[in-house]
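First comes the structure, then the notes that go with it.
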Amino acid sequence: MRMTIIDELWNWIMASLGPYHEIPESTFLILGIALGLSLISNAANRFLVDIEKMKSVTKEVNAWRKELDKAKKANDEKMIAKLMKKQQAIMKLQSKMSWDRMKVSTLFLAPFWLVWAVLSGFFGQAIVAVSPFTFPWLIDEKLPFFSWYILCSFASGLPFSRILGINPED
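Read the sequence shown against our numbering and you will find it ends at 212, with the numbers running on by one and no gaps.
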């Protein structure tokens with residue numbers, strides 16, 4: 043049977059990952075990949091999205107919400123009506139900023155899925171990390187690829203967004 047280029051590439055990738063199939067190599071490889079992908083994604087957002095405008099919109103939306111909450115607590119019907127007239131404009135601003143960020147995310151979706159497919163194909167359900175403590179949603183401290191990758195991604199996403207200044211609440 044003749045192998046295609048894709049089959050050869052897949053076999054080469056799997057052979058290249060071979061030394062990383064055991065703990066702690068697998069632990070550090072997945073951590074490094076999650077950190078790298080998170081950094082790339084956050085850097086793209088930093089350079090392709092108007093961060094100052096996003097912060098301005100976030101500030102405006104938060105101020106509107108605060109006023110609306112205050113008016114509701116005071117049961118001020120006039121103020122609520124006045125603020126509700128602005129609701130559509132506020133939602134339009136939020137939608138535009140969400141769309142700008144979504145465009146950047148879509149740009150990286152296919153490469154991220156490719157990395158995910160390769161790594162999950164290689165590691166499967168193998169234990170790739172052992173936590174020194176248990177997490178409430180996990181059965182034990184032995185982490186398969188999926189759990190470890192998600193933990194690493196979440197743990198690196200917020201710090202990188204803060205370092206690069208793309209967190210609109212900052």
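Beta carbons: idealized from backbone N, C-alpha and C, even for Gly.
For residue i, the first and last residue of its enclosing alpha helix (DSSP H)
i, result
"I169", "First-last for I169: 169-172, but that is the beta strand (DSSP E), not the alpha helix (DSSP H)."
"N87", "67-90"
"L206", "Counting along the chain, L206 falls outside any alpha helix (DSSP H), and DSSP gives it neither H nor E."
"N34", "In the structure displayed, the chain extends from 43 to 212; residue 34 sits before or after that span and is not available."
"G163", "119-165"
"E50", "47-59"
Beta-carbon proximity list for residue i, same chain, < 8 Å, skipping 5 on both sides
i, result
"I122", "L110, A113, K114"
"Q136", "V99, V103"
Cβ shell of residue i (< 6 Å), same chain only, five flanking positions each side left out
i, result
"M139", "M96, V99"
Sub-8 Å separation of residue i and residue j beta-carbons
i, j, result
"F214", "I55", "What the structure shows of the chain is the stretch from 43 to 212, and residue 214 is not part of that stretch, so it cannot be assessed."
"P161", "S173", "Residue identity differs from the one stated: residue 161 is Leu in this sequence, not Pro. No, Cβ-Cβ distance for L161 and S173 is not below 8 Å."
"S80", "S198", "yes"
"F106", "I132", "Rather than Phe, the amino acid found at residue 106 in this sequence is Trp. Result yes, Cβ atoms of W106 and I132 sit closer than 8 Å."
"N87", "V146", "yes"
"S195", "A76", "yes"
"L59", "F164", "yes"
Beta-bridge partners of residue i, as assigned by DSSP
i, result
"K184", "V172"
Buried or exposed by the 16-neighbour rule on C-beta atoms within 10 Å, applied to residue i
i, result
"Q205", "First, the amino acid is wrong: residue 205 is Ile here, not Gln. Per the 10 Å Cβ criterion, exposed."
"A168", "exposed"
"N84", "buried"
"F175", "exposed"
"L125", "buried"
"A116", "exposed"
"A57", "exposed"
"A152", "exposed"
Closer than 8 Å to chain D by CB, residue i
i, result
"P153", "The structure shown contains no chain D; it is built from a single protein chain."
Close beta carbons around residue i, own chain, < 7 Å, minus the five adjacent residues each side
i, result
"I93", "G207, I208"
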